[in-house]
Each structure stands twice: as structure tokens, then as C-alpha cells.
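Chemist: Here it is, the structure in full.
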């Protein structure tokens, strides 16, 4: 898979699927063995439950992609999380893709004061 295609998948995951709260579309971009390492979360179904809970607790949550770089099968993204369009967290996410789907996901974050 090309670097540009990997960036497109990661952009779709964040901007279209997460911002659009399209839980039914998770399997379109996440590999069946998807792991969110930071939260020790494995598989699409566990991920769906996590984000359904997040969306219900924070109905106005969204993210803004600030920067994205990629090399080989990896994509790094710097994002801002917002609630009611007010920035509250900066996030760095690192993704690894295989065959056009996200397999591994790591992130670190810091609150914006």
C-alpha cells in the first residue's frame, strides 16, 4: 500500500468515521486484529464499545488533524480534541497499517490548560 493511501485511510478513520460517529464503518478501516495499545484494547468490537461510550459521554467531541506524516506502513498524526469547539487536549497518534487497514494504534496526549 502506498504512503498516500495509508494517509488517506488514517484521515478517513479520524475525520470521517470518528468525527462522524460512524461506528458501523469501523471495519472499513480497522483490521480484525486492530489493537489500541495505549488502552490495551483489542479487536473491532471492543473498540466500538469504547467509542460508543465516549460519544455518549461527550456528544460534542470532535478532533482536528493539525499535521500528518507517513513513511512505509506507518502514519503519525498530531491532533487537537475539542468539545463544543473548544480545544481541550493535544494528541499524537501513531498508526501501523497492513493491506490498507489500521492494525496498531498508539497515542499520547496532554491537556490544554
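Numbering (the numbering used here), first residue to last: 22 to 134. Backbone N, C-alpha and C define an ideal beta-carbon position, used for all residues, glycine too.
Give me the Cα-Cα distance between residue 105 and residue 81, rounded to the nearest whole angstrom.
Modeler: Distance between the alpha carbons of residue 105 and residue 81 is about 5 Å.
Chemist: I need the boundaries of the alpha helix (DSSP H) containing residue 65, first residue and last residue.
Modeler: Run containing residue 65: 65 to 78, per the alpha helix (DSSP H) assignment.
Chemist: Under 8 Å Cβ to Cβ from residue 43, same chain only, skipping five residues before and after it: list those, please.
Modeler: 37.
Chemist: Who are the Cβ neighbours of residue 117 in its own chain at under 7 Å, not counting the five residues just before and after it?
Modeler: 94, 95, 124, 125, listed in sequence order.
Chemist: When you compare only the Cα positions, how much space is there between residue 85 and residue 132?
Modeler: So the alpha carbons of these two residues sit roughly 15 Å apart.
Chemist: Report the option in 79, 39, 31 whose CA atom is closest to the CA atom of residue 109.
Modeler: Residue 79 is the option with its Cα nearest to residue 109.
Chemist: Going by CA-CA distance only, name the one from 24, 46, 101, 103 that's closest to residue 34.
Modeler: Among 24, 46, 101, 103, the Cα nearest to that of residue 34 belongs to 46.
Chemist: Quick check on DSSP: helix, strand or coil for residue 28?
Modeler: Three-state result, residue 28: helix.
Chemist: What does residue 111 pair with, by DSSP beta-bridge criteria?
Modeler: DSSP output for residue 111 lists 101, 131 as bridge partner(s).
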